[in-house]
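These notes are about the structure you will find just below.
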Amino acid sequence: MATRHIRFDWAIKRLLRNKANYVVLEGFLSELLHTQIKIQTLLERVGNQQTEEDKSNRVDILAETENSELVLIEVQNNSQLDYFHRML
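Here's what the structure looks like:
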């Protein structure tokens, strides 16, 4: 019997459909970054599907830290070589 796994990008995409679920992602990011995170808005949802089997997605989140610093968080599952070019 094959083991089934839930992809992280799939789970985040489902969570972010409902703003009431932001608290789950905020808690995860707060633990990961060791600072309180509050999601302000979703900036972009990109489906980079190049083939029918490709399930690549990217979500950009604007969040605020406990120090009132605004941070941009990109959630994606696949590595991309143009990441640094998109940051500028």
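Under this note's numbering, the first residue of the sequence shown is numbered 152, with each subsequent residue one higher. Every residue gets a Cβ at the ideal spot worked out from N, C-alpha and C, and that includes glycine.
Inspect the beta-carbon positions of residue i and residue j and report whether they are closer than 9 Å.
i, j, result
"Ala214", "Val222", "yes"
"Asn172", "Leu166", "yes"
"Thr192", "Thr216", "no"
Buried or exposed for residue i, please, with buried defined as at least 16 other CB atoms from any protein chain shown within 10 angstroms of its CB.
i, result
"Leu194", "exposed"
"Ile163", "buried"
"Ile188", "buried"
"Val210", "buried"
Going by beta carbon distance, what residues of the same chain come within less than 7 Å of residue i, once the five residues before and after it are set aside?
i, result
"Glu203", "At Glu203 the pLDDT is 49, less than 50, meaning the model places this residue with poor confidence; the figure from the coordinates comes in the next sentence. Excluding positions up to five away in sequence, the list is empty."
"Val245", "What the structure shows of the chain is the stretch from 152 to 239, and residue 245 is not part of that stretch, so it cannot be assessed."
Thinking residue i and residue j are a contact (beta carbons under 8 Å), I'd like their distance in whole angstroms, please.
i, j, result
"Ile190", "Glu177", "6 Å"
Excluding five sequence neighbours on each side, which residues of the same chain lie with their C-beta closer than 6 Å to the C-beta of residue i?
i, result
"Gln224", "Residue 224 is actually Ile in this sequence, not Gln. Taken in chain order, the residues that qualify are Ile212 and Ala214."
May I ask you to list the residues that DSSP assigns as paired with residue i?
i, result
"Val174", "DSSP lists no partner for Val174."
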